[in-house]
Amino acid sequence: MKFQIGFDGMKDTELTPLKIQHTDADTPFLLSKHLQSIFSKLPTYQPIVVICVGTDRSTGDSLGPLVGSHLNRTTNLRNLHLFGTLDEPVHAMNLSDTVDKIQRQFDNPFIVAVDACLGQVSSVGCIQVADGPLKPGAGVNKDLPPVGNIHVTGIVNVGGFMEYFVLQNTRLSLVMNMANVIGDALHSALRRTQAYAPSAKTALQID
């Protein structure tokens, strides 16, 4: 899997997918480090947009809004633009409009899409980071626009049958714990990336 990054926008860099159980002791560090390695290769002037997809009306599908609300409580993150919280969720009814708004508002944004998904029994509780757009609604047969340069997903329950019922009956404890891990990792990765990045003024200095 590849995506274009770098100041000249011409360098292809391999993005190795990450899949890790959220309860592992090393997960917060490894997830943050993985995300930081992606963000650190972006131009400092490129806006980072995080879209947290989901709804608070379904326990399993509330992962995205929970991550958004977690990030929304964090301050002093410059160059971060957040869409999708418990108070203002991004879901099937407004996803297309939100994506259009982002494309109008920002110049070449780097979009991180966050959402819940269903998977195999052995994968429940895993967090995944992968290249390319998220395809929200695929697990419940909804035709929604793909979104994201990369996507972060949490496998909240088992897929393959009665998906709406499964999402409605997902344990809130699992979803909240996963949301906290993802939110903390995103915040840490962005904070560390910004701490080490040169300021715009420094980057533009000419000797």
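Numbering (our numbering), first residue to last: 1305 to 1511. C-beta atoms are modelled at their ideal positions from N, C-alpha and C, and glycine is treated no differently. Being a predicted model, the structure only gives us computed values, none of them experimental.
Query                                                                                                                    : Result
Residues of its chain near Met1397, where Cβ-Cβ distance is below 8 Å and the 5 sequence neighbours each way are ignored : none
Environment of Ala1483 [buried if 16+ CB atoms lie within 10 Å]                                                          : buried
7 Å Cβ shell around Ala1489 - same chain, five flanking residues per side excluded                                       : Pro1332, Leu1335, Ser1336 and Leu1339
Leu1319 vs Asp1435 beta-carbon contact at 8 Å                                                                            : yes
Among Leu1322, Pro1321 and His1326, nearest to Val1485 - alpha-carbon criterion                                          : His1326
Contact set for Phe1414: own chain, Cβ-Cβ below 6 Å, skip 5 residues either direction                                    : Leu1346, Gln1350, Ile1352 and Asn1453
Inter-residue CB distance, Ala1420 and Asp1330 (contact presumed, cutoff 8 Å)                                            : Not really, about 23 Å apart at Cβ, beyond 8 Å.
Local conformation of Thr1262 per DSSP, three classes                                                                    : Nothing in the structure corresponds to residue 1262, since the chain is present only between 1305 and 1511.
Neighbour-count burial assignment, Leu1375, 16 or more Cβ in a 10 Å radius                                               : buried
Same chain only: Cβ atoms within 7 Å of Ala1403, ignoring 5 sequence neighbours per side                                 : One point to set straight first is that residue 1403 is Val, not Ala, in the sequence displayed. Closer than 7 Å at the Cβ level, and outside the excluded window around Val1403, lie Pro1449 and Val1451.
Opposing strand residues paired with Gln1498 [DSSP bridges]                                                              : For Gln1498, which the question treats as bridged, DSSP gives no partner whatsoever.
Simplified DSSP state of Gly1423, which is helix, strand or coil                                                         : strand
Beta bridge counterpart(s) of Ile1431 as assigned by DSSP                                                                : Ile1324 and Gly1458
Residue from Arg1408, Phe1410, His1385 and Ile1431 whose Cα sits closest to the Cα of Met1480                            : Ile1431
Closer than 7 Å: Tyr1468 CB and nearest the ligand PLP heavy atom                                                        : Only the bare structure without any ligand can be found here, which leaves the ligand PLP out of the picture.
Host beta strand (DSSP E) of His1385 (start-end)                                                                         : Leu1384 to Phe1387
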